[in-house]
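Residue numbers (the numbering used here), protein chains in the order written: chain Z, 255 to 585; chain W, 121 to 393. All residues carry an ideal CB built from backbone N, CA and C; glycine is no exception. These notes concern the structure reproduced below.
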Amino acid sequence: MSLRPARIALLQAGLLGIAFIASLAIGAADIPVRVLIASFGSGADTDVLLILREIRLPRTLLALAIGAGLGASGAALQALLRNPLAEPGLVGISATSALGAVLAFYSGLSARFALALPLGGLVGALAGTLLILRLTRGSAGSLTMILAGVILTTFASAGTSLVLSLAPNPYAAYEILFWLMGSLADRSLDHVLLAVPFIAVGLTLLLRTARELEALALGDDTARSLGVNVARLRLRAIAGTALAVGPGVAVAGFIGFVGLLVPHALRPLVGARPRLLLPQSALGGALLTLLADIGCRLVPMVGELKLGIVTALLGAPFFLYLLTRERRLQA
Amino acid sequence: MRAAVWLLVLAGAFTAAPTAAAPARVASINLCTDALLLELADPAQIASVTRLSRDPALSVHAARARKVPANRGSAEELIALDPDLVLAGAGSATATVALLRRLGYRVAAIEPAATLPDVLRSVREVGALLGQEARAAALAGTLAALTGPLSVTALDALILQPGGYVPGPDTLGPTLLALAGLRNRAPDLGLAAGGFANLESLVLMQAAVIVRSADAMHGRALADDFIRHPALRAARLTHGKLRPVAVNDAAWACGSGALRAAVMTLRSAVSAP
Chain Z
255 MSLRPARIAL
265 LQAGLLGIAF
275 IASLAIGAAD
285 IPVRVLIASF
295 GSGADTDVLL
305 ILREIRLPRT
315 LLALAIGAGL
325 GASGAALQAL
335 LRNPLAEPGL
345 VGISATSALG
355 AVLAFYSGLS
365 ARFALALPLG
375 GLVGALAGTL
385 LILRLTRGSA
395 GSLTMILAGV
405 ILTTFASAGT
415 SLVLSLAPNP
425 YAAYEILFWL
435 MGSLADRSLD
445 HVLLAVPFIA
455 VGLTLLLRTA
465 RELEALALGD
475 DTARSLGVNV
485 ARLRLRAIAG
495 TALAVGPGVA
505 VAGFIGFVGL
515 LVPHALRPLV
525 GARPRLLLPQ
535 SALGGALLTL
545 LADIGCRLVP
555 MVGELKLGIV
565 TALLGAPFFL
575 YLLTRERRLQ
585 A
Chain W
121 MRAAVWLLVL
131 AGAFTAAPTA
141 AAPARVASIN
151 LCTDALLLEL
161 ADPAQIASVT
171 RLSRDPALSV
181 HAARARKVPA
191 NRGSAEELIA
201 LDPDLVLAGA
211 GSATATVALL
221 RRLGYRVAAI
231 EPAATLPDVL
241 RSVREVGALL
251 GQEARAAALA
261 GTLAALTGPL
271 SVTALDALIL
281 QPGGYVPGPD
291 TLGPTLLALA
301 GLRNRAPDLG
311 LAAGGFANLE
321 SLVLMQAAVI
331 VRSADAMHGR
341 ALADDFIRHP
351 ALRAARLTHG
361 KLRPVAVNDA
371 AWACGSGALR
381 AAVMTLRSAV
391 SAP
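Okay, structure coming up:
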């Protein structure tokens, strides 16, 4: 049993490596692998190298970072809210992040001050996390949490659509789908620089709360008796979640269900203890998001499938399965 | 004999007068007919144009449009204005047009232009409707003079609108490039009919000139990020290609005299070293 999590982590890392290379090899321009390798070797600034560095690498790095943030924050929220159905998308945090980012972007604030975009997402995520904790306080029931999440998501998404409809630029209204269904198409290294440092800090914070979150599973009082400062732990987990989710949404839109799918898929393999589940979920989230993004590029259509559509198509049936299983267990 | 001729002329003048008389008050409910109305009519003849035309991002005649009453294209406003003639775009605002016609208003639906002959036709058509045939003939003459033989050394070019949209033959985009003496590369991207270009293909494409929308729009949109993507910038720096020329979309969005300015801007930008 003790070896198993290490093996799973190694397996995930190996798959991540393969997916990373696949992600650099697959794109809208059909460039043979032979040419890709040759352009790496030549070192000259060819068009092919340009495509790799400026288009495919940014989206790959963003998929990894955003996916890791979503996976880890899903596992953390499930421990924090003591609810197996918690995840940034379902509880409304992703939607409030999108609203914050949309306000920062379309007001023109981020044009003058680039960091306003991830900060807008961060503020939105913080607001969403605090709200969902407040709304579910004293009630661990799934129904309350899901309803609160639905309402928060509906409200924030309506706000996002409203801001985009009222934006002075006529193209803004066409961008509702990007914000509500997420995409990594045509992102640049600028976006990587804007989001990834925040996500890295958030991930670090979350991973460092893992041990204490484990104590929290036993109840606030037991955790306190084990020497855990529960109020401070909550704050750290909230800050970690907001940092891991908000800036990612700010550059890639709303990508749902990763934080739900990944911890649940990994729990049978590594157990439910946050100390093991959190880092594994970060790896799994990165893997799932990157694979989903590669999938977006492979679907033959004009343009590209939105990433959030792929994750929702995978995640929603899984969510229904979890919901019915939970009801069966309660009955 | 001479008297008879005079009589005929007089009779003709009298019988023609009611139909040929210029409508005193003309309203337009379409951005493109706005442009033609503003270019061809006497200022006193213009009852109203759409609010859209007051926006410099959408119309090159914004300054002139601000001097006349604006409408939102609703039938209610037009009934209040009670114009002698309403100009509308064929195929757009069909419900409003049908309602106005039912109420007895004279509505002329002008076909949108996608080629230079289309433009000349709509200039002459609106000129005739307004009783400004001479002005229309002069404008059509200057526009017709834009055609010239495509030079052998024509540069490859592509029009790129926000979000990476490449306009197709249902717009004046391809006509604009041809009139500026440029070869349209859209078909090489599989976008002969128009559509969204993908960034990777744009980097690989060996076009000399990218005609991109001027930053006339208010506020920001993600669509602007596409044109400014670092990969396009880098392709330009390392290969000296994909030279961007900014042209206000509003200048060629409609078949009107504004097209001439767009062609001239593009010609001078391309011939500059």
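Does the beta-carbon distance from residue i to residue j come in below 8 angstroms?
i, j, result
"Met-435 of chain Z", "Gly-562 of chain Z", "yes"
"Ile-548 of chain Z", "Ser-361 of chain Z", "no"
"Ile-279 of chain W", "Leu-263 of chain W", "no"
"Leu-151 of chain W", "Cys-374 of chain W", "yes"
"Ala-485 of chain Z", "Ala-379 of chain Z", "no"
"Val-169 of chain W", "Ala-141 of chain W", "no"
"Val-356 of chain Z", "Leu-448 of chain Z", "no"
"Ser-293 of chain Z", "Val-499 of chain Z", "no"
"Arg-465 of chain Z", "Arg-529 of chain Z", "yes"
"Ala-182 of chain W", "Ala-378 of chain W", "no"
"Ile-386 of chain Z", "Gly-346 of chain Z", "yes"
"Ala-195 of chain W", "Leu-219 of chain W", "yes"
Straight-line CA distance for residue i to residue j?
i, j, result
"Phe-367 of chain Z", "Leu-489 of chain Z", "28 angstroms"
"Ala-277 of chain W", "Pro-422 of chain Z", "30 angstroms"
"Ala-136 of chain W", "Gly-301 of chain W", "Its pLDDT being 37, under 50, Ala-136 of chain W is placed unreliably by the model, and nothing is read from it."
"Gly-510 of chain Z", "Val-556 of chain Z", "23 angstroms"
"Leu-537 of chain Z", "Leu-545 of chain Z", "12 angstroms"
"Pro-554 of chain Z", "Phe-572 of chain Z", "25 angstroms"
"Leu-283 of chain Z", "Ile-405 of chain Z", "Position check: residue 283 of chain Z holds Ala in this sequence, whereas Leu was assumed. The alpha-carbon atoms of Ala-283 of chain Z and Ile-405 of chain Z are separated by roughly 41 angstroms."
"His-445 of chain Z", "Ala-370 of chain Z", "12 angstroms"
"Thr-267 of chain W", "Ala-371 of chain W", "17 angstroms"
"Gly-288 of chain W", "Gly-281 of chain Z", "24 angstroms"
"Ala-566 of chain Z", "Leu-431 of chain Z", "14 angstroms"
"Thr-204 of chain Z", "Ala-349 of chain Z", "Residue 204 of chain Z is absent from the model: chain Z starts at 255 and stops at 585."
"Pro-138 of chain W", "Ala-200 of chain W", "Summary for Pro-138 of chain W: the model assigns pLDDT 37, below 50, so the residue's position carries little reliability; its value from the coordinates is reported in the next sentence. Going by the C-alpha atoms only, they are around 24 angstroms apart."
"Ala-317 of chain W", "Ala-306 of chain W", "9 angstroms"
"Leu-322 of chain W", "Ile-347 of chain W", "11 angstroms"
"Tyr-575 of chain Z", "Arg-174 of chain W", "55 angstroms"
"Pro-338 of chain Z", "Glu-231 of chain W", "60 angstroms"
"Val-287 of chain Z", "Ala-358 of chain Z", "40 angstroms"
"Asp-299 of chain Z", "Val-217 of chain W", "57 angstroms"
"Leu-373 of chain Z", "Ser-364 of chain Z", "9 angstroms"
"Leu-443 of chain Z", "Gly-382 of chain Z", "28 angstroms"
"Leu-523 of chain Z", "Leu-577 of chain Z", "21 angstroms"
"Ser-396 of chain Z", "Val-331 of chain W", "55 angstroms"
"Phe-452 of chain Z", "Ile-492 of chain Z", "14 angstroms"
"Val-377 of chain Z", "Asp-308 of chain W", "45 angstroms"
"Met-325 of chain W", "Leu-319 of chain W", "10 angstroms"
If we define contact as Cβ-Cβ less than 8 angstroms, is residue i a contact residue for chain W?
i, result
"Leu-316 of chain Z", "no"
"Asn-423 of chain Z", "yes"
"Glu-429 of chain Z", "yes"
"Ala-365 of chain Z", "yes"
"Ile-291 of chain Z", "no"
"Glu-341 of chain Z", "no"
"Val-516 of chain Z", "no"
"Gly-242 of chain Z", "Residue 242 of chain Z is absent from the structure shown; chain Z starts at 255 and stops at 585."
"Met-435 of chain Z", "no"
"Ser-442 of chain Z", "yes"
State the beta-bridge partners of residue i as determined by DSSP.
i, result
"Thr-170 of chain W", "W:Asn-191"
"Phe-316 of chain W", "W:Tyr-285"
"Gly-209 of chain W", "W:Ile-230"
"Asp-276 of chain W", "W:Arg-303"
"Pro-364 of chain W", "W:Ile-330"
"Ser-148 of chain W", "W:Leu-207"
8 angstroms is my cut-off, CB to CB: does residue i come that close to chain Z?
i, result
"His-452 of chain W", "Lying before the first or after the last residue shown, residue 452 of chain W is absent from chain W, which here runs from 121 to 393."
"Val-323 of chain W", "yes"
"Gly-315 of chain W", "yes"
"Ser-391 of chain W", "no"
"Ala-190 of chain W", "no"
"Gly-283 of chain W", "yes"
"Leu-342 of chain W", "yes"
"Ala-274 of chain W", "no"
Could you tell me whether the segment 179-188 of chain W touches the segment 208-222 of chain W, where touching means 3 or more Cβ pairs closer than 8 angstroms? Verdict: no, contact absent.
Meets three-Cβ-pair contact criterion under 8 angstroms: the segment 291-309 of chain W and the segment 336-355 of chain W: Result no; under three Cβ-Cβ pairs closer than 8 angstroms.
Is the segment 409-420 of chain Z close to the segment 446-463 of chain Z, with three or more CB pairs under 8 angstroms? Verdict: no, contact absent.
Inter-stretch contact (C-beta, 8 angstroms, three-pair minimum) for the segment 301-321 of chain Z and the segment 469-478 of chain Z: Not touching, per the Cβ criterion.
Okay, do the segment 303-317 of chain W and the segment 243-253 of chain W touch, 3+ Cβ pairs below 8 angstroms being the bar? No, the segment 303-317 of chain W does not touch the segment 243-253 of chain W.
Take every Cβ of the segment 331-345 of chain Z, pair it with every Cβ of the segment 510-519 of chain Z, and state whether three or more of those distances are shorter than 8 angstroms. Yes: the two stretches touch, three or more of their Cβ pairs being nearer than 8 angstroms.
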